[in-house]
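Residue numbers for the sequence shown follow my numbering, so the first one is 879 and each next one is one higher. By construction, the Cβ of each residue, glycine as well, lies at the ideal position given by its N, Cα and C atoms. From a predicted model like this one, the values you see are computed outputs, not experimental measurements. Data block below; observations after.
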Amino acid sequence: MYHFKLTGDHYGMGKNQGNLFQKYHISFPLQLDDFQLNHGRQSEKILEKFFPEVCKEIKGVSDTIDMDYLQFASWMLCMGCCMYNLEKNIPREIRGCTAFAYSKEGRILYGRNNDLPPYLRDGCKSILYTPDNGSQFLLTTSSFINGEEGLNQYGLAVAMTFVMTRLEKIRPGLNSSFIVRYLLEKANHTEQAISLLMDLPIASNCNILLADKSGKMIVAECTPSLKKIRKAENFHDGNIICTVNNFTSDEMKQYDDANGNDYGADKRYKTVMDWFSTSVKNDFIETTKQLLKGEYGFLCQYDNEPDFETVWSSIFDLESLMIYRAEGDPRNKNFMKDNRLQNQI
């Protein structure tokens, strides 16, 4: 996993990333069909309306690596949305992943297993952002600019999980990984993030988990036409919210088009909820590590799945801003402290 810091204006941050890609000889063989190009171009107009700063960052990258901005932005807006048919596109849809947040005995923690094809593991990034006129945050991503999860200076955690969408249901809008980036940079707490999220056009099905240091935590189950806020559940004087790769609310299940092809999403959800209701211990960081390692049930044990594994595991302490991360399968990799955001504030 690459670790680096970006600071300053958005176009300049984009140029800095472009220079890194050139330094490490990273290329982008964009392969988009007519549907994807059209979707990306329409979605870029929406991204420009809601988040013009990030469009400048994309342009900083594309100018530096000498690629057409609109094609490059279109490709990024198809990520996790409609990279459905081209095996060489990187990244493909993020079809695994388990994310949760909980509060107990005054501690407020977030955890995640990020599950992907293993060839994406070495290109994952942990980026500390200190943008002009925006929140400081740490973004973890298998891509760049957008991402799967993050924590900002105010103790707000934002994360996404992929939910399958049939092609005909996809609409122009922000994909889930740009939603994560937008909310990390623009929101200070869960209620503000909900308000911002409700105004966003959503491209395809996804879950967005929000949790802040006050203990307010929800999952927004999102489709292009509907958003449903699911609240945390209470167990033994604690609260937990969990999301996987389907919709949990009964009224939203009809919009999930995976037909059960979701890498054991229901099993992973049950493992997390059973752990919290019966097994969570006072040493919350350690017991959360054990959960993510699969010691309480199925969570990362993809040994029978070809070309699929947990490529990183994260734990965020929302009050202290300390981050713990295993960069690889947590059964084989140690969790290491990442205090860059904590030290930045």
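Beta-carbon separation (whole angstroms), residue i vs residue j, contact threshold 8 Å
i	j	result
ASP1144	THR1043	That belief does not hold up - the Cβ atoms of ASP1144 and THR1043 are roughly 19 Å apart, past 8 Å.
LEU1087	ALA1071	10 Å between Cβ atoms; not a contact.
HIS888	GLU931	4 Å
GLN1014	LEU1219	7 Å
LEU987	PHE1186	So it is not a contact: roughly 26 Å between Cβ atoms.
Where residue i sits in the DSSP three-state scheme
i	result
PHE1040	strand
PHE1154	helix
MET957	coil
ALA1081	coil
LEU998	helix
LEU1087	strand
TYR1202	strand
PHE1213	coil
LEU1219	helix
HIS844	Since the first and last residues shown for the chain are 879 and 1223, residue 844 lies out of range.
GLU931	helix
GLN895	helix
LEU910	coil
ARG990	strand
PRO969	Here PRO969 scores only 44 on pLDDT, less than 50, and its place in the model is too uncertain to base an answer on.
Inter-residue Cα distance where the pair is residue i and residue j
i	j	result
ALA977	GLY918	27 Å
ARG1209	GLY1172	8 Å
LYS982	GLY1116	5 Å
GLU965	ARG985	Low confidence applies here, because GLU965 scores a pLDDT of 49, under 50, leaving its location unreliable and the question unanswered by this model.
ARG970	THR1166	With a pLDDT of only 48 at ARG970, under 50, the local geometry of the prediction cannot be trusted, and the value read off the model is given with reservation. C-alpha separation (whole angstroms): 28 Å.
GLU1197	PRO1009	22 Å
CYS933	SER1055	14 Å
LEU1045	GLY1138	17 Å
ILE1080	ILE1057	9 Å
TYR1147	GLN909	34 Å
TYR880	GLU1205	10 Å
GLU926	LEU948	11 Å
LEU1006	GLN920	30 Å
THR1188	ASP1207	5 Å
ASN1112	GLU1027	24 Å
SER952	ASP1195	35 Å
ILE968	HIS1114	Residue confidence for ILE968 is low, a pLDDT of 41 falling below 50, so the modelled location carries little weight and cannot support an answer.
SER1157	TYR1174	8 Å
LYS1094	GLN900	42 Å
GLY886	ARG1203	26 Å
ASP1152	LEU1078	33 Å
Given residue i as reference, the closest of the options once Cα atoms are compared
i	options	result
SER905	PHE950, GLY886, ASP911 and GLY890	PHE950
GLU1164	ASN1182, MET1130, PHE1213 and ALA1098	PHE1213
GLN1222	LYS1211, LEU1199 and ARG1203	LEU1199
PHE998	GLU1129, SER1021, PRO1009 and GLN1014	Checking the sequence shown, residue 998 turns out to be Leu, not Phe. Residue SER1021 is the option with its Cα nearest to LEU998.
ASN916	GLY989, CYS960 and PHE1162	CYS960
ILE943	LEU1006, GLN895 and GLY1093	GLN895
ASN991	ASP1195, VAL1150, PRO1184 and SER1092	VAL1150
PHE1125	HIS1114, LYS1105 and PHE1113	LYS1105
GLU913	ALA1037, LYS1064, ARG1049 and LYS1109	Position check: residue 913 holds Phe in this sequence, whereas Glu was assumed. Of the listed residues, the one whose Cα sits closest to PHE913 is ARG1049.
LYS893	LEU1045, LYS927, VAL1189 and GLY938	GLY938
PRO996	CYS1178, ASN1123, ARG1203 and LEU1170	CYS1178
MET1076	ALA1098, GLY989 and LEU1017	ALA1098
TYR1060	PHE1162, ARG1203, ILE1096 and LEU1016	LEU1016
GLN842	GLY989, GLU1111 and SER1127	In this structure the chain extends from 879 to 1223, so residue 842 is not present and cannot be described.
GLY1142	LYS1064, VAL1122 and SER1127	VAL1122
ASN1024	ASP1152, LEU955, LYS901 and LEU1170	LEU955
LYS1211	LEU1170, LYS1064, ASP1152 and SER1092	LEU1170
Sub-8 Å separation of residue i and residue j beta-carbons
i	j	result
ILE924	GLY1051	yes
TYR980	PHE1176	no
ASP946	LEU1034	no
ASN1083	THR1068	no
TYR1032	ASN1011	no
MET1130	ASN1053	no
CYS975	PHE1040	yes
LEU994	ILE1201	no
ASP1140	SER1004	no
SER1192	THR1018	yes
LEU1062	VAL1036	yes
Any non-hydrogen atom of the ligand MN closer than 7 Å to residue i Cβ
i	result
GLY1172	This structure lacks the ligand MN; in fact it carries no ligand of any kind.
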